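Residue numbers are given in the UniProt record's numbering: position 184 of the sequence shown equals residue 184, and the series is strictly consecutive.
We put the beta carbon where it would ideally sit given N, CA and C, even for glycine.
Small disclaimer: the values here were computed from a predicted structure and weren't measured.
Taking it in order: structure first as structure tokens, then the write-up.
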Amino acid sequence: MKFPIVIPALLVVAGLASSCVSSKKYKELDANYTQLQNSTRDLSVKYQTSEQALAVANNRVKSLEEQISSEKANTLALQDALNKCLNSSSQGNVNIAKLVDEINSSNRYIQQLVNTKNKSDSLNMVLTNNLTRSLSQQEMKDVDVQVLKGVVYISLADNMLYKSGSYEISDKANETLSKIAKIIKDYSTYDVLIEGNTDNVPISQKNIRNNWDLSAMRAASVVMALQTTFQVDPKRLTAGGRGEYNPIASNDTPAGKAQNRRTQIIITPKLDQFMDLIGKAPEKQDPAPKQ
1 MKFPIVIPAL LVVAGLASSC VSSKKYKELD ANYTQLQNST RDLSVKYQTS
51 EQALAVANNR VKSLEEQISS EKANTLALQD ALNKCLNSSS QGNVNIAKLV
101 DEINSSNRYI QQLVNTKNKS DSLNMVLTNN LTRSLSQQEM KDVDVQVLKG
151 VVYISLADNM LYKSGSYEIS DKANETLSKI AKIIKDYSTY DVLIEGNTDN
201 VPISQKNIRN NWDLSAMRAA SVVMALQTTF QVDPKRLTAG GRGEYNPIAS
251 NDTPAGKAQN RRTQIIITPK LDQFMDLIGK APEKQDPAPK Q
């Protein structure tokens, strides 16, 4: 009889024991759940932080990519500018080389002109020395000799040759003409032009119509004197008059008029003689003293 009573008691004790174990398990599970929740929250925070960091990193990458693209564009622009500069520099070098060639050519031409001038000066000096070698220093004082481009100009004032207002040769003119004849005869193959010139004062002589007449008649008188008195070959002589129309000074003053009243004796070598003189002319020649 006691046995049945014991069994329910045991069942109550077993039930209590079973209930006690479930409570601990529950607490453990609850604790684990809480821990998992905390872990999940931490992971969520870390995930959000990582997402933010990733977004920042992506923005940084995008910014860097944009900078790289911009720098590439700048590099291409610089390369293009460099290429243009090199092309321009190359063209510039060509232009500079061309300019240098032109400068060198110009310098050569200038030097040629200088050499020609030196040669011409030397030629003039040779002609002057050759054509006046028959005259002494004292005789040269009465004769003005100039050589221009290979042509000899001997200028004589009218009062050295003619009577006043006349075309007749004066007595004192023979001494001067004898000196001129020496020069002319020294080069017997040169052509000789006697050219008369006057001022602008009209002539008032019955047998002389105007200054043209006077200048031509004076030149003819000199030609006749050279032919008849000093035996110059008349085939070499030409007489010409230029009247008042070839002045070398102003006719507004007495001094200017005196300069314009002149007779020029122009001695011209023929072309072959002229070329021969050019060939003989030195590049530079110091003036030789007159004998």
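Query - Selected residue, minimal CA-CA separation from Met217, among Ser178, Gly165, Ile68, Ala258 - result: When only C-alpha atoms are compared, the closest one is Gly165.
Query raised in the report: Do Ile266 and Val151 have their C-beta atoms within less than 8 angstroms of each other?
Result: yes
Report task. Look at the Cβ atom of Ala157, then the Cβ atom of Arg261, and state whether they are nearer than 8 angstroms. Result -> Contact flag set, yes.
Query - Spatially closest choice to Ala219 from Pro247, Asp186, Lys25, Val192, by CA coordinates - result: Ranked by Cα distance from Ala219, the options Pro247, Asp186, Lys25, Val192 are led by Val192.
Query - DSSP beta-bridge partners of Glu195 - result: Gly240, Gln264
Requested in this report: Could you tell me whether the Cβ atoms of Leu177 and Leu226 are closer together than 8 angstroms?
Outcome: Contact annotation: Leu177 and Leu226 have beta-carbon atoms nearer than 8 angstroms.
Query raised in the report: What does DSSP give as the partner residues of Ile208 in its beta bridges?
Result: Gln205
Requested in this report: Taking only the alpha-carbon atoms, compute the straight-line gap between Arg242 and Ile169 and give it to the nearest angstrom.
Outcome: 19 angstroms
**Report entry** Euclidean distance between Cα positions of Asn211 and Gln231
**Finding:** If you take the alpha carbons of Asn211 and Gln231, they lie about 29 angstroms apart.
Query raised in the report: DSSP three-state call for Val232: helix, strand or coil?
Result: coil
Query raised in the report: For Ala249, which of helix, strand or coil comes out of DSSP?
Result: coil
Report task. From the DSSP output, in three-state form, read off Asp171 for me. Result -> coil
Query raised in the report: By a C-beta neighbour count over all protein chains shown, 10 Å radius and 16 as the cutoff for buried, is Leu214 buried or exposed?
Result: buried
Query raised in the report: Apart from the five residues just before and just after Asn74, which ones in its own chain have a Cβ nearer than 8 angstroms to its Cβ?
Result: none
Query - Glu175 versus Gly196, Val222, Asp233, Gln205, residue with shortest Cα-Cα distance - result: Val222
Query raised in the report: For Ser155, which of helix, strand or coil comes out of DSSP?
Result: strand
Query raised in the report: So Gly240 packs on Glu195, CB below 8 angstroms; how close in whole Å?
Result: 5 angstroms
Requested in this report: Would you grab the beta carbon distance between Thr198 and Glu244 for me? Rounded to a whole angstrom, and I think it's under 8 angstroms.
Outcome: 5 angstroms
Query raised in the report: For Tyr33, which of helix, strand or coil comes out of DSSP?
Result: helix
Query raised in the report: Who pairs with Asp144 in a beta bridge, going by DSSP?
Result: DSSP output for Asp144 lists Ser155 as bridge partner(s).
Requested in this report: Measure the Cβ-Cβ separation of Tyr153 and Gln259 and say whether it is below 8 angstroms.
Outcome: no
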